[in-house]
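Residue numbers (the numbering used here), protein chains in the order written: chain A, 173 to 565; chain X, 173 to 565.
Okay, structure first, notes after.
Number of protein chains: 2
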Amino acid sequence: MTEDERDARAVWSALAEPGDEVAGALVQACGAARALSWVDAAIAAGAPDWAALEGPAGATGDRTRRRVSAGLARWAVRRARVEPARDREAAARVAARVVVPGDAEWPAGLDDLGVAAPFALWVRGGPAASQRAVALVGARACSAYGERVAVDLAVDLARRGWQVVSGGAYGIDAGAHRGALLGEGRTLVVLAGGVDRAYPVGNARLLEEVVHTGGAVASEVPPGAVPTRSRFLQRNRLIAASARATVVVEAAWRSGAASTAHHAARLLRPVGAVPGPVTSAASAGCHRLLRDGVAVCVTDAAEVVELAGEAGTDAVAEASAPDGPRDRLPPVARRVLDALPRRGARGADEVAVRAGTTPGEARDMLGLLELDGLVRREAAGWVVADGHEQRPG
Amino acid sequence: MTEDERDARAVWSALAEPGDEVAGALVQACGAARALSWVDAAIAAGAPDWAALEGPAGATGDRTRRRVSAGLARWAVRRARVEPARDREAAARVAARVVVPGDAEWPAGLDDLGVAAPFALWVRGGPAASQRAVALVGARACSAYGERVAVDLAVDLARRGWQVVSGGAYGIDAGAHRGALLGEGRTLVVLAGGVDRAYPVGNARLLEEVVHTGGAVASEVPPGAVPTRSRFLQRNRLIAASARATVVVEAAWRSGAASTAHHAARLLRPVGAVPGPVTSAASAGCHRLLRDGVAVCVTDAAEVVELAGEAGTDAVAEASAPDGPRDRLPPVARRVLDALPRRGARGADEVAVRAGTTPGEARDMLGLLELDGLVRREAAGWVVADGHEQRPG
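In structure tokens form, the structure reads like this:
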């Protein structure tokens with residue numbers, strides 16, 4: 173992308189609110205610089221030049237013209253306030269740069285947002301993008317359980333080479349970023365306001381630590397921009413789109429984390445939810461996602477990797493309790509073994525009656541069990557070998 | 173069913189091990205009394221009369237003959253031990269009766285087991301069957317959390333008129349039965365051994381209380397029969413088949429409760445699993461059922477009823493946090509509201525710039541917000557109305 177385009181995208185990031193799809197469509201159709209010139213000309217002339225737009229954007233119908241006119245009215249009131257030089261200086265003060273599509277560190281997944289993709293990212297710290305990124309999100313008002321799970325998952329994901337993406341908020345977000353740092357991995361903080369504003373202020377040190385250990389802090393709005401409520405909601409789409417999968421660690425029935433999960437689902441990215449006690453309101457949103465079929469149940473980092481990873485290469489090894497010698501027996505042999513008394517001996521015929529087998533089957537099975545060291549033959553009959561006492565049920 | 177059939181089924185319940193599908197097929201084809209006569213004749217003659225079987229059971233191929241011959245060998249070793257009079261006396265001592273298919277209190281769902289259906293149930297207490305029965309099962313070694321959830325669910329299910337079915341074991345089973353009693357509802361205990369044997373002994377008082385408050389204790393094996401390990405596993409199919417749905421409250425990675433859930437799934441009955449902390453091994457089996465898609469996530473009695481109930485009549489009311497006035501606003505109005513300062517006033521044009529709207533839109537929305545009582549007009553500009561302070565995020 174040319175420097176003109178980069179600069180124009182930086183302007184668009186200040187001019188249009190995050191998620192302004194009319195602006196996104198215009199930039200997609202004309203390129204950022206040309207779209208900006210066209211908007212500036214329309215503002216200067218007090219009227220849009222539709223003919224000039226039809227070259228790059230194709231024929232503009234009534235509906236398109238209405239939407240673009242509404243956009244022009246919005247952008248016009250802000251245009252005079254946009255000062256690229258001031259934004260660049262503010263960025264320079266915190267060593268932030270403008271990252272645009274085509275840059276190596278542009279998270280490729282953002283392109284899946286189409287006309288809702290951000291124009292640019294303002295980035296502090298190490299590269300924003302990662303081939304293996306997973307989002308861990310959740311409630312600010314989390315429980316001690318939720319925070320522990322967030323930290324543990326992030327530590328383990330970081331150690332496995334996964335970048336942990338989250339929103340830098342208190343609670344689960346902070347746990348996820350801290351866990352990634354503890355695991356000596358990379359993490360990406362996507363803020364709703366400018367990257368020069370630590371929001372919330374209590375996480376200021378955490379954000380600095382992220383930047384200074386190779387992680388990245390990014391935002392689609394320029395330095396100085398305020399984190400408004402609608403920007404928080406729009407920010408969630410960036411978290412979902414930057415990661416290969418989104419996992420909700422803990423969330424109330426209605427929550428921003430659930431909105432991130434739904435963004436991921438709409439992008440056809442896998443969504444996971446960590447279950448918790450049904451007695452905890454902090455897990456109600458996770459259970460809702462599971463019940464609604466939006467999310468699959470994940471309980472550890474291996475399962476998160478399986479969710480986010482490519483089929484086959486990242487599959488979880490089938491976990492199972494180690495088989496005891498008893499588990500490897502055929503059902504008839506098990507019944508014969510169970511028909512022996514806990515203490516003392518029993519004859520093969522009596523074993524057959526109790527096990528519901530023929531006497532021949534009982535004798536055959538007792539012979540096999542003897543070879544396995546599970547039973548012994550004594551003068552009074554068959555006994556369970558030491559260390560293989562019976563436990564019913 | 174005739175008294176002959178009832179008596180013969182009682183004999184079969186002693187003669188064949190639970191789940192003996194050859195016996196089940198024979199009884200299904202010939203009727204219990206005729207099947208028993210044929211077996212007795214074969215034992216007496218030392219050889220089966222295949223021609224006599226072909227009338228009721230149809231042509232018997234090689235494979236069928238081999239399986240029936242193996243069955244005869246099993247049943248022959250037990251036949252002399254079966255004493256119907258002794259079983260009837262033992263049953264009478266604990267006021268137990270024999271319940272067979274066709275009886276009003278025969279749980280109709282058991283018939284879905286086909287040739288694996290029990291021949292009879294030995295029942296103490298109030299009617300075994302219920303139109304609205306749900307199974308709550310889980311680990312013996314449960315956590316305090318699991319026990320609390322089992323009790324709470326059962327109380328609530330009982331109050332809603334559902335019978336709670338479980339296995340009478342320590343832990344979750346006992347919690348489920350106790351909860352049903354606390355909720356003044358009915359409960360069904362399905363034992364792996366005879367109904368005259370309290371197993372485990374620590375639950376003896378609980379079982380007596382069930383019997384004396386209109387609940388039922390049932391088993392497919394006669395009084396005096398020992399609860400062997402294979403009978404525990406077979407018993408699980410009865411729990412699943414007696415209930416309209418099976419819910420696992422807490423279970424380890426490998427567990428009998430999971431086997432009950434799989435029985436229910438094979439019977440195409442709904443299966444639920446209660447989530448718990450991922451840090452608790454006692455919930456690992458539940459999470460496994462959720463991950464494998466065997467169970468759906470259930471967190472309270474209303475969701476269990478929805479699972480077990482008929483579509484429509486028992487659906488859970490869509491739960492949601494109550495909407496605040498803010499939630500009912502269109503997105504543009506919300507952005508305008510968010511563009512007001514937390515303290516102090518702001519002019520409409522400045523609000524438009526911050527909200528990314530046109531000045532006209534900002535004024536329109538501020539007017540609407542004023543009508544809703546969310547903002548006020550002051551000399552210095554627009555302010556947020558008392559009690560509607562801004563919170564970001």
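Glycine included, C-beta positions come from ideal geometry on N, C-alpha and C.
Please read these numbers as outputs of a predicted model, since none were measured by experiment.
Candidates the options: which alpha carbon is nearest residue i's?
| i | options | result |
| --- | --- | --- |
| X/Y317 | X/G297, X/A292, X/I344, X/F291 | X/I344 |
| A/T432 | A/T529, A/A454, A/A219, A/R407 | A/R407 |
| A/V199 | A/L461, A/R181, A/A352, A/A341 | A/R181 |
| X/L208 | X/A195, X/V382, X/A217, X/A219 | X/A195 |
| X/D176 | X/G191, X/R269, X/P395, X/R206 | X/R206 |
| A/L354 | A/V367, A/R269, A/T385, A/A370 | A/T385 |
| A/A288 | A/S302, A/E392, A/R269 | A/E392 |
| A/V309 | A/L363, A/G191, A/G519 | A/L363 |
| X/V361 | X/S315, X/V398, X/A305 | X/A305 |
| X/G481 | X/R506, X/V443, X/R320 | X/V443 |
| A/V295 | A/P503, A/D368, A/C314, A/R507 | A/D368 |
Using a Cβ cut-off of 7 Å, pull out every chain X residue sitting near residue i, in sequence order please.
| i | result |
| --- | --- |
| A/A524 | V249 |
Can you list the residues of chain A that residue i reaches, using a CB-CB cut of under 7 Å?
| i | result |
| --- | --- |
| X/E189 | G528 |
Please list, in chain order, the chain X residues whose beta carbon lies closer than 9 Å to that of residue i.
| i | result |
| --- | --- |
| A/S402 | P503, R506, R507, D510, A527, G528 |
| A/R253 | V525 |
If you draw a straight line from the C-alpha of residue i to the C-alpha of residue j, how long is it?
| i | j | result |
| --- | --- | --- |
| X/W278 | X/L410 | 12 Å |
| A/V211 | A/E356 | 46 Å |
| A/V389 | X/A527 | 24 Å |
| X/A473 | X/G448 | 16 Å |
| A/G565 | X/V327 | Low per-residue confidence applies at A/G565: pLDDT is 37, beneath 50, and the placement is therefore not dependable, though the value from the model is reported in the following sentence. Going from the Cα of A/G565 to the Cα of X/V327 covers about 26 Å. |
| A/E550 | A/D558 | 13 Å |
| A/D259 | A/L462 | 43 Å |
| X/E255 | X/A348 | 35 Å |
| X/V240 | X/L405 | 23 Å |
| A/S338 | A/D464 | 23 Å |
| A/V547 | X/A413 | 36 Å |
| X/E193 | X/G243 | 9 Å |
| A/A453 | A/V383 | 34 Å |
| A/G252 | A/P399 | Before going on, a small fix: residue 252 of chain A reads as Ala here, not Gly. Distance between the alpha carbons of A/A252 and A/P399 is about 21 Å. |
| A/E189 | A/G365 | 12 Å |
| A/L501 | X/P394 | 28 Å |
| X/G298 | X/D544 | 60 Å |
| A/V183 | X/R507 | 21 Å |
| X/D510 | A/A264 | 29 Å |
Take the Cβ of residue i as the centre, count every other Cβ of all protein chains shown within 10 Å, and call the residue buried at 16 or more, exposed below.
| i | result |
| --- | --- |
| X/P290 | buried |
| A/L541 | buried |
| X/H434 | buried |
| X/D283 | exposed |
| X/A552 | exposed |
| A/A376 | exposed |
| A/R515 | exposed |
| X/G233 | exposed |
| X/V373 | exposed |
| X/L401 | Before going on, a small fix: residue 401 of chain X reads as Arg here, not Leu. Looking at its Cβ environment, which holds 16 or more other Cβ atoms inside 10 Å, X/R401 is buried. |
| X/R532 | A quick correction: the sequence has Gly, not Arg, at residue 532 of chain X. Its Cβ having fewer than 16 others within 10 Å, X/G532 is exposed. |
| A/R563 | Any answer about A/R563 is weak, because its pLDDT of 47 lies below 50 and its placement is not dependable; what the coordinates show is given next. A/R563 is exposed by the Cβ-count criterion. |
| A/E226 | exposed |
| A/T451 | exposed |
| A/E261 | exposed |
| A/P220 | buried |
| A/D521 | exposed |
| A/T359 | buried |
Against chain A, does residue i count as a neighbour if the rule is that its beta carbon must be under 8 Å from one of theirs?
| i | result |
| --- | --- |
| X/A437 | no |
| X/R500 | no |
| X/L379 | no |
| X/R441 | no |
| X/L462 | yes |
| X/V555 | no |
Run down chain X in chain order and give the residues with a C-beta less than 8 Å from the C-beta of residue i.
| i | result |
| --- | --- |
| A/H459 | P447, C469, T471 |
Residues of chain A with CB under 9 Å from residue i, in chain order?
| i | result |
| --- | --- |
| X/R178 | By Cβ distance, chain A contributes nothing, its closest Cβ being about 22 Å from X/R178, past 9 Å. |
| X/V321 | P449, V450, T451 |
Can you find a CB in chain X that lies within less than 8 Å of the CB of residue i?
| i | result |
| --- | --- |
| A/A245 | yes |
| A/P531 | yes |
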